[in-house]
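Visitor: In the working numbering, the protein residues as written are 1 to 82.
From the three backbone atoms N, C-alpha and C, an ideal C-beta is built for every residue, glycine too.
Structure in structure tokens, see below.
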């Protein structure tokens with residue numbers, strides 16, 4: 001079996017980012033917010049937080065595309081993209 005590509009070792013960082021997305025979505029768009037009738041646009045993150053968030057999403061997409069280019073991780077990246 002061949003050695004994995006070094007890019008594979010970024011997976012834990014993106015896993016933490018995905019968990020963070022779930023927590024933030026529950027905080028800003030969760031059932032409690034809906035029941036309270038609050039507008040999530042008023043309580044959302046600031047401009048800097050939103051820019052960082054968008055940069056992380058773009059970085060994750062670039063990482064997945066990079067994984068598609070590697071022979072040993074192509075099928076895993078395709079499953080993650082789907």
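What is the DSSP secondary structure of residue 2, reduced to helix, strand or coil?
Guide: In this structure, residue 2 counts as coil in the three-state DSSP scheme.
Visitor: Between residue 73 and residue 25, how many whole angstroms is the CB-CB distance? I'm expecting something under 8 Å.
Guide: Incorrect: roughly 27 Å between the Cβ atoms, too far for contact.
Visitor: Express the C-alpha separation of residue 39 and residue 33 in angstroms, rounding to a whole number.
Guide: Rounded to the nearest whole angstrom, the C-alpha separation of residue 33 and residue 39 is 8 Å.
Visitor: Can you list, in chain order, the residues of its chain whose CB lies under 8 Å from that of residue 56, leaving out five sequence neighbours each side?
Guide: 17
Visitor: Taking all protein chains shown into account, decide if residue 54 is buried (16 or more other Cβ within 10 angstroms of its Cβ) or exposed.
Guide: exposed
Visitor: Thinking residue 65 and residue 80 are a contact (beta carbons under 8 Å), I'd like their distance in whole angstroms, please.
Guide: No, residue 65 and residue 80 are not in contact; Cβ-Cβ is about 11 Å, not under 8 Å.
Visitor: Taking the alpha carbon of residue 52 as the reference point, which residue from 42, 31 and 20 has its own alpha carbon closest?
Guide: 20
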